[in-house]
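Note that the UniProt record's numbering has the sequence shown beginning at 1, numbered continuously upward. Cβ coordinates follow ideal geometry from the N, Cα and C atoms, glycine included.
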Amino acid sequence: MADNRQPPLNGAYYGPAIPPPAQPRYSHHRSRSCCSCLFGFLWKLLVALIVLAGLAVLIFYLIVQPRSFKFNVTEANLTKFDYTNNTLHYNMVLNFTARNPNKKLSIYYDNVEARAFYEGERFANVDVNASFRQYKKSSNPMSGVFSGQQLLMLDNDQVSEFNKDKNIGVYDIYVKLYFRIRFRLGDVISGTYKPKVKCHLKVPLTSNNTTATFTRFVPTKCDVDFY
1 MADNRQPPLN GAYYGPAIPP PAQPRYSHHR SRSCCSCLFG FLWKLLVALI VLAGLAVLIF
61 YLIVQPRSFK FNVTEANLTK FDYTNNTLHY NMVLNFTARN PNKKLSIYYD NVEARAFYEG
121 ERFANVDVNA SFRQYKKSSN PMSGVFSGQQ LLMLDNDQVS EFNKDKNIGV YDIYVKLYFR
181 IRFRLGDVIS GTYKPKVKCH LKVPLTSNNT TATFTRFVPT KCDVDFY
């Protein structure tokens, strides 16, 4: 019987298939793990810096105990406040007191300016004080003289309010103080701040023919706003 088997091909392999070499599976996971570690480190560092900053602010506050300065209008003398022909004629003197309640902070005041308003309309602005240093736990007086005339275009409602105030003899005058301040702790001086001081005043007209209910001005505390 003839042998039907074919002779084997040279170099041929008929055994089980050999899989290709496996690619390393750890490179992508290791890269992700490194990014996660770096993110975790940065997050912990940020939290630590925030905590340290908070502790520094708390310690500074406990040691220095900073307090806002205080402004008061101690005296007001209004001898003229007439509105005729859309013009306001006025003569008023205001005495202020600035107080620094801090035990460890001094305050520098620069270019104190006062602006006076009636019925929402500004009628005067004066320089109250140029510059001065206010020491710890101290008070400083200052004065503003408002005198002259100013064109005011009041509407009918505002004129009606003026006539009411005139009959009573007491005027609602609103005063704003503008200036720059710096704080000093030892030899360290802070940056510049621009607060606003707002004073809502009821000022009686001091003349012989007035029928004012209030014969004396009541000292008034002003509101202090930082921005």
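Collapsing the DSSP output to three states places Asp-187 in coil. When secondary structure is reduced to three states using DSSP, Gly-169 falls in the coil class, being assigned neither helix nor strand. Per DSSP, Met-153 has no beta-bridge partner at all. Per DSSP, the beta bridge partners of Val-73 are Phe-96 and Thr-220. Residue state for Lys-194 is assigned as coil, using DSSP reduced to three classes. Each of Pro-141, Leu-58 and His-89 was checked against the Cα of Ala-130, and the nearest Cα belongs to Pro-141. Of all alpha-carbon atoms in Arg-67, Leu-88 and Glu-119, the one lying nearest the alpha-carbon of Asp-225 is that of Arg-67. Between the segment 178-192 and the segment 71-82, the count of Cβ pairs shorter than 8 Å is below three; the stretches do not touch.
Its chain contains Val-93 and Val-126 as the residues whose beta carbon lies nearer than 7 Å to that of Val-145, once the 5 sequence neighbours on both sides are disregarded; these appear in chain order.
In this structure, Lys-136 sits near Ser-106, with a CB-CB distance shorter than 7 Å.
In this structure Ala-124 is in contact with Tyr-90, their Cβ atoms being roughly 7 Å apart against a cut-off of 8 Å.
Close CB contacts of Lys-176 within its chain, under the 8 Å cut and outside five residues either way in sequence, are with Ala-114, Arg-115, Phe-117, Lys-196, Val-197, Lys-198 and Cys-199 (chain order). With a cutoff of 7 Å on beta-carbon distance, Leu-205 and Gln-150 are scored as not near each other.
Taken atom to atom, the span from the alpha-carbon of Asp-157 to that of Ala-56 is near 54 Å. The DSSP-derived three-state label of Gly-144 is strand. The Cβ neighbour count for Phe-162, taken over all protein chains shown within 10 Å, is at least 16; the residue is labelled buried. Linking Phe-41 to Leu-49 through their CA atoms gives a straight-line distance of about 12 Å. For Tyr-108, the enclosing beta strand (DSSP E) covers residues 106-118. For Asp-223 and Asp-172, the gap between their C-alpha atoms comes out near 16 Å.
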